[in-house]
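Numbering (the numbering used here), first residue to last: 140 to 806.
Ideal placement from N, C-alpha and C gives every residue a C-beta, glycine not left out.
If you're wondering where the values come from, they're calculated on a predicted model, not measured in any experiment.
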């Protein structure tokens, strides 16, 4: 039995990463970062128990969530979770502080690489599978950041001002779907929501997360997100992190004054104890070797690489003289910065060597007598003439450029979507010298390519695909792997086309005036041309869609069936996307919304029939007038395609529901 004061102590961390052990009465859990690989902090102590140093234990660098989403594969998301859980077990981490499902409202958000998509369906389905993968190994997860935390600048105090419909349709559904996997914990965000801190927001935490969405696990604060611990406890935050004696004393005083009851303390305490029991009562076993984890990282990376552009079948490379350049060709960025950055112990092989190994004797690597890096330094400037000379000798130039953890990171947002000037200048200079120029792009979010996209032959999006990224890139470049990745965010023509360019740092609030028109929903509604649409990704083969059939299964339930045929000469995978359009609505609705997707493997010449179910919510919008989901009677269109703007098949249906069945209360 615990005393009241011991219960109070249990509601706050013991230090930065651990829960209280109450003088040895309870096991102490270790909570650890790691959405793209475990970031386990290891402490070293002196003979008196004082911390003398700390470091991050080396781990397998898995693809960031942005790259994981390009696979469109719940199966691979689950595998990703299993790998990271394996290292949690090996390094004694009990709860993994992942995944993050915040929506990519603006491509400038510094943490976009840590999130899945601008679309809630993609984010929710992949996060659900990731959680299932981690927790299948008896390691806990923390679904974050609840909620509407979509920028890094001023995240700790800027209030998100959002209407109910936008919250329900865009920012909540990813959490809803991920919660189906029953994550052991949910992490509340830093920001106020409509003026009330997320950590003190009774409507968001108790009424929405607990009562409506049915979450029964532990709610943990983001680190430092609690401003008033008594209010946080009353709102439903079970565990405040990290340790702060001041806040603990405030809770003690609030209890003494009767402002916080023992019943409220018990409620939170019971959830902490339940989490301890979950972590301690289950068998945990390391199942993968380091090599097997790397193999899993490579398998995921293979499907995360996206072929964005491929003029005149520049790729796959067929041999000849090939010149590979750029600092990332030697050591690629494995992810963005901040709490997700993994200490990777993998020894990278240069991209040029990997390409040469794949092509064998039919390939000759061209070299430059100089050194060029993607950073701004004098050595790079001096090397440029040698690089241009090498480019002119080559049949094809491959240039590895992009961002890294210094320019895409937690805690700050980007100020531009463009690459730095040195990299843009290098692309333009090489495009003049090279017969064919292939750009390999490392980034966790959309890039403005307007300065150079028309000057290059091909663009391969490497993303932040983890430690196996260059192996996967080499295999795609040489045709050893047929690319199957597709982007999960829109690439606009220029950064000037972005509706939410940057968060206004001069005011203490951010109004979500864009409403439900986020990402491709915005570009489609306003009929804006884009560079690469949501869901886009090229292949070395071709796919034909045919024989669409939409069968009514109930008043608002339908089965959508169609054939997909690989009409090319290469085996490949296709991501089939199903969108729904309300053709005549009384409210502003997106032109089309993704409602289902399926990735299918097809051998050359093979045909498979795909069947997908659609239900009430797939046709509904959230009516603030009725505080419920609402389906308007009338015509809808079912669209099947290879991207949001590459629609191959469509069929119209007419939905007519009795008035009493047009509305459903939130479940």
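In angstroms with no decimal places, state the Cα-to-Cα distance between residue i and residue j.
| i | j | result |
| --- | --- | --- |
| residue 431 | residue 228 | 15 Å |
| residue 232 | residue 477 | 19 Å |
| residue 184 | residue 483 | 24 Å |
| residue 509 | residue 536 | In this predicted model, residue 509 has a pLDDT of only 44, less than 50, meaning its place in the structure is not dependable enough to derive any value. |
| residue 214 | residue 154 | 36 Å |
| residue 180 | residue 169 | 10 Å |
| residue 755 | residue 660 | 20 Å |
| residue 625 | residue 334 | 37 Å |
| residue 573 | residue 501 | 19 Å |
| residue 382 | residue 148 | 10 Å |
| residue 639 | residue 150 | 38 Å |
| residue 140 | residue 763 | 47 Å |
| residue 152 | residue 717 | 45 Å |
| residue 786 | residue 771 | 24 Å |
| residue 313 | residue 541 | 29 Å |
| residue 688 | residue 790 | 8 Å |
| residue 322 | residue 264 | 14 Å |
| residue 520 | residue 579 | With a pLDDT of 48 at residue 520, under the threshold of 50, the modelled position of that residue is not reliable, and no figure is offered here. |
If you follow the alpha helix (DSSP H) that residue i is part of, which residue opens it and which one closes it?
| i | result |
| --- | --- |
| residue 735 | Here residue 735 belongs to no alpha helix (DSSP H); instead the beta strand (DSSP E) covers 732 to 741. |
| residue 662 | 659 to 664 |
| residue 614 | 608 to 616 |
| residue 494 | 490 to 498 |
| residue 373 | 368 to 374 |
Please state whether DSSP places residue i in a helix, a strand or coil.
| i | result |
| --- | --- |
| residue 716 | strand |
| residue 146 | helix |
| residue 801 | coil |
| residue 221 | helix |
| residue 564 | helix |
| residue 443 | helix |
| residue 687 | strand |
| residue 301 | coil |
| residue 483 | strand |
| residue 233 | coil |
| residue 291 | coil |
| residue 261 | helix |
| residue 728 | coil |
| residue 620 | coil |
| residue 656 | coil |
| residue 394 | helix |
| residue 244 | coil |
Could you tell me which residues DSSP pairs with residue i in its beta bridges?
| i | result |
| --- | --- |
| residue 327 | 285 and 360 |
| residue 577 | 537 and 597 |
| residue 319 | Beta-bridge pairing links residue 319 to no other residue. |
| residue 462 | 536 |
| residue 379 | 151 |
| residue 274 | Beta-bridge pairing links residue 274 to no other residue. |
| residue 548 | 476 and 551 |
| residue 699 | 689 and 751 |
| residue 313 | Residue 313 is not bridged to any residue. |
| residue 705 | 682 |
| residue 184 | 190 |
| residue 171 | 235 |
| residue 200 | Note: residue 200 sits in no beta bridge, so no partner. |
| residue 631 | 669 |
What are the boundary residues of the beta strand (DSSP E) that includes residue i?
| i | result |
| --- | --- |
| residue 194 | 190 to 195 |
| residue 767 | 767 to 769 |
| residue 788 | 785 to 794 |
| residue 747 | 746 to 753 |
| residue 648 | 648 to 650 |
| residue 452 | Note, residue 452: premise wrong, no beta strand (DSSP E); not H, not E. |
| residue 502 | 502 to 504 |
| residue 774 | 773 to 782 |
| residue 419 | Here residue 419 belongs to no beta strand (DSSP E); instead the alpha helix (DSSP H) covers 401 to 419. |
| residue 760 | 760 to 762 |
| residue 669 | 669 to 671 |
Using CA coordinates, which residue listed in the options is at the minimum distance from residue i?
| i | options | result |
| --- | --- | --- |
| residue 749 | 411, 487, 454 and 700 | 700 |
| residue 418 | 629, 791, 158 and 566 | 158 |
| residue 557 | 586, 744, 166 and 530 | 586 |
| residue 747 | 705, 451, 195 and 406 | 705 |
| residue 393 | 380, 408, 372 and 293 | 372 |
| residue 774 | 714, 695, 343 and 792 | 792 |
| residue 592 | 576, 645 and 606 | 576 |
| residue 672 | 784, 644 and 635 | 784 |
| residue 605 | 444, 341, 300 and 196 | 444 |
| residue 236 | 338, 283 and 487 | 283 |
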